[in-house]
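Notes to accompany the following structure.
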Amino acid sequence: MMDYNYLKKVGMTSNNDNKICQSCGKPLNKPEEYGKNADGSQNNDYCGYCFKDGTFTNPNITMEYMIDITAMLTASVLDISEKEAIEKTKITIPKLKRWQSK
Ligand SMILES: [Zn+2]
Numbered sequence: 045m046m047d048y049n050y051l052k053k054v055g056m057t058s059n060n061d062n063k064i065c066q067s068c069g070k071p072l073n074k075p076e077e078y079g080k081n082a083d084g085s086q087n088n089d090y091c092g093y094c095f096k097d098g099t100f101t102n103p104n105i106t107m108e109y110m111i112d113i114t115a116m117l118t119a120s121v122l123d124i125s126e127k128e129a130i131e132k133t134k135i136t137i138p139k140l141k142r143w144q145s146k
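The opening residue of the sequence shown carries number 45 in our numbering; numbering runs sequentially from there.
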């Protein structure tokens, strides 16, 4: 399952100085946290949970769903209400590259 300890660390506040996954907003600090391209090289945009072997692990996920699941996890990790968490993720997620093209 996904490691959402990062939510605790960053408090889901967006920090443009840090590299984050352009799909789910997970901070990318270590090389092993990055996704992999089809040729095995490191993908610099996405984390290993979202992107594997050149494709999204969940290609049909919608932005709304990503906001929902990220918000639920944020709520439990930060011990805030789900409504409050959705307010946070609604700001963060739509800014990410994966959700810009539509
Ligand atoms: Zn991700």
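Yeah, the Cβ is synthetic: ideal placement off N, Cα and C, and Gly gets one too.
Here the structure is a predicted model, which means the values were calculated and not measured.
In the three-state scheme derived from DSSP, where H, G and I count as helix and E and B as strand, residue 64 is classed as strand. With distances taken between CA atoms, residue 132 lies nearest to 117 out of 143, 117 and 144. Residue 93 has its Cβ nearer than 6 Å to a heavy atom of ligand 1.
Cβ-Cβ distances below 8 Å link residue 92 to 76, 77, 78, 79 and 80 in the same chain, with the five nearest sequence neighbours on each side left out; the list follows chain order. DSSP places residue 74 in the coil class of the three-state scheme, outside both helix and strand.
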